[in-house]
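Count the sequence shown with our numbering and you get residues 24 to 402, in order.
The beta carbon of each residue, even a glycine, is placed where N, CA and C say it ideally should be.
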Amino acid sequence: MRACVAWNVFLANRDDRSHSSMTLCPARLEPTFSPRPWGSFSLGPFFPEMSKLAEQIGEAWMTGSDCRFAGGPFAGRKLGEAWPAMPPEWTGTLAKRADSFPLLVKFIFSEDKLSVQVHPDDEYATRHERAAGGRGKTEMWYAVQSRPGAEVLVGLHADITLEKFKRAIADGTAEDCLLHVPLRAGDAVFVPAGTAHTIGAGLVLCEIQQHSDITYRVYDYNRRDAKGKARELHVEKALDVIRFGPQKGGKVDPVRVRRDSITKTYYAACPYFAAEKWEFGNRIETATSPEHFELLIFLEGRGTLQWGAERTEYGPAQVWMIPAALGEYHVAPDADASPGPASGTSLLRTYVPSDLAEYSHQLREQGVSEKESSRVIHP
Ligand SMILES: [Zn+2]
C-alpha cells in the first residue's frame with residue numbers, strides 16, 4: 024500500500040505530549056489461518072494462494088489480535104498491540120479502548136460439519152471467563168459460497184427442555200434437537216449468545232462477531248484427530264448458557280435499499296455490531312462517522328479506495344480498517360474487473376453502532392419503515 028501523507032491529524036495534548044500526528048488512511052489487515060478437523064484442503068478461489076494445502080484449514084481470521092497491518096501508520100504491527108495505542112481519530116470517540124478490539128471477522132471453510140456449540144453472553148463471560156477475556160459472543164454469518172443442500176443448525180426446537188437436551192447429548196443425538204436452516208450464497212443468519220448452533224458442510228461463511236474466542240462444545244460426533252484424540256467438550260457450561268423455550272435470531276430477512284447505483288442490504292444491528300452489504304458497479308462516495316471506525320470486507324471485485332489525494336488498491340478476501348476520522352472517501356470499482364451482469368464490487372461493512380435509535384433513524388431516512396427495520400434491529 025502507498026504511504027499515506029495527506030491526512031495528518033494533530034491531536035490535542037492529552038498526556039502532556041506537545042503535539043503528535045497520526046496519519047489517517049484505510050489500512051488492510053493480513054489474515055491468519057487456523058487448522059480445524061472440519062476444514063478444507065483448499066481455500067481457493069477465495070484465497071487463490073491457499074489451494075492444495077498440507078493440512079485442513081477451517082478459519083481465516085481477518086481481524087484477530089495476531090493479524091498484522093499491511094500498511095498505514097501501524098504497518099507490520101499486530102492488531103492486538105496496535106489497538107490500545109490508537110488515538111480516537113482511528114478508533115472512534117465512543118470506542119472502549121481499554122477493552123480488546125471489539126469485532127472479530129473470520130471466513131469459515133467447512134468441508135465437514137462443525138461441533139454443536141454455544142457461546143456465553145457478556146454477563147456470563149464476565150463472571151466465569153475473566154481469564155479468557157470475559158467477553159461473550161453474539162455472531163452473524165453471511166454465506167459467501169454454498170454447495171447445494173448446505174445448511175446450518177440454529178436454535179432448539181420449541182419442545183426441547185434442559186432434560187431432553189441432556190439426554191440427547193448422552194445419546195449422541197444433540198443435532199436432532201436443533202432447527203435446520205438451508206443456506207444459499209447471499210443468505211445471513213443472526214446467532215445471539217446463548218443460541219445452540221452448528222455449521223454444516225459445504226459452506227464458505229463470513230462470520231462477524233464480538234471479539235471473543237469462548238466456545239462451549241456439547242457434541243463433536245465422536246470425532247478423533249490423527250492421534251486418536253477427541254476435542255474437549257464443555258457440557259456443563261453449555262447447559263448453563265443455552266437458551267431453551269422461545270428462540271431468538273435465525274435466518275435473517277434483510278432490509279434492502281436500492282438508491283442510484285448502489286444496493287445496500289441491512290442484515291443485523293445489535294449493541295455489538297451492525298452489518299450490511301454494499302453492491303455497486305460505479306464509484307461511490309461515502310464518509311465515516313467520528314464515533315466509530317468501520318471495517319470493509321471485500322467479497323467480490325477489484326478497484327481503488329480513494330481519500331483526499333491518496334488512493335490504494337483493494338481486491339476480494341481483503342479486510343480494511345477505515346479510521347473513524349477519515350471523513351469522506353470513495354470506493355471505485357475497476358471498470359473491467361469482472362465483465363457481465365455481476366460486474367462491480369460487493370463488500371460487507373461492519374462497525375460498532377453508536378446507538379440503535381440513531382441506526383433506526385438512519386434507515387427511516389432511507390424510506391425504511393419501522394416495521395421493516397425492526398426485523399434487523401436486535402436491541
Ligand atoms: Zn459460533
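N- and C-terminal bounds of the alpha helix (DSSP H) containing residue i
i: phenylalanine 124; result: Segment: none, phenylalanine 124 is in no alpha helix (DSSP H) and carries neither H nor E.
i: valine 264; result: 258-264
i: serine 44; result: Run containing serine 44: none in the alpha helix (DSSP H); it sits in the beta strand (DSSP E), 43-46.
i: serine 396; result: 393-397
i: proline 111; result: 111-114
Extent of the continuous beta strand (DSSP E) run through residue i
i: glycine 387; result: The sequence shown places arginine at residue 387, not glycine. Arginine 387 -> not in any beta strand (DSSP E); alpha helix (DSSP H) instead, spanning 379-388.
i: leucine 319; result: 317-323
i: glutamine 270; result: It is not in any beta strand (DSSP E) - glutamine 270 carries neither H nor E in the DSSP assignment.
i: methionine 344; result: 341-345
Counterpart residues of residue i in DSSP-defined beta bridges
i: tryptophan 84; result: Thr55 and Lys129
i: histidine 353; result: Glu308 and Gln329
i: phenylalanine 303; result: Ile285 and Thr368
i: valine 214; result: Glu162
i: methionine 73; result: In DSSP, methionine 73 forms no bridge with anything.
i: proline 205; result: Glu174
i: valine 275; result: Bridge partners of valine 275: none, in fact.
i: glutamate 336; result: Thr327
i: arginine 91; result: Lys101
i: alanine 298; result: Ala291 and Thr373
i: serine 63; result: Ile80
i: alanine 50; result: Met344
Own chain, CB closer than 8 Å to residue i, minus 5 neighbours either side, in chain order
i: proline 362; result: Bear in mind that a pLDDT of 49 at proline 362, under 50, signals an unreliable position, so the model cannot answer this.
i: arginine 240; result: Ser138, Val139, Gln140, Arg254, Glu255, Leu256, His257 and Ala261
i: valine 204; result: Glu174, Val175, Leu176, Val177, Val212, Gly273 and Lys274
i: threonine 221; result: Lys136, Leu137, Ser138, Val139, Gln140, Val175, Leu176, Glu198 and Leu201
Cβ-based neighbour list, residue i, same chain, cut-off 7 Å, excluding 5 preceding and 5 following
i: glycine 62; result: Gln79, Ile80, Gly81, Phe132 and Glu134
i: proline 364; result: Note on proline 364: pLDDT 46, under 50, position unreliable in the model; no value is reported.
i: leucine 185; result: Leu262 and Phe267
i: alanine 298; result: Met163, Ile231, Tyr290, Ala291, Leu371 and Thr373
i: proline 54; result: Ala83, Trp84, Met85 and Cys90
Status (buried if at least 16 other CB within 10 Å, exposed otherwise) for residue i
i: glutamate 333; result: buried
i: glycine 67; result: exposed
i: glutamate 323; result: buried
i: arginine 207; result: exposed
i: glutamate 381; result: exposed
i: histidine 384; result: exposed
i: glycine 5; result: Lying outside 24 to 402, the shown extent of the chain, residue 5 is not represented and no answer is given.
i: glycine 159; result: buried
i: lysine 300; result: buried
i: aspartate 210; result: buried
Chain-order list of residues whose beta-carbon lies under 6 Å from that of residue i (same chain, five-residue window excluded)
i: histidine 401; result: Cys293
i: threonine 327; result: Arg334, Glu336 and Ala355
i: alanine 98; result: Phe92
i: lysine 287; result: Val280, Glu299 and Trp301
Mind pulling the beta strand (DSSP E) runs of 3 or more residues that sit fully within the region 216-253? Entirely contained in the region 216-253, the beta strand (DSSP E) runs reaching 3 residues are, in chain order, 220-222, 226-233 and 239-242.
What are the start and end residues of each continuous beta strand (DSSP E) run of 3 or more residues lying completely inside the region 117-203, in chain order? 126-133, 139-141, 162-169 and 174-179
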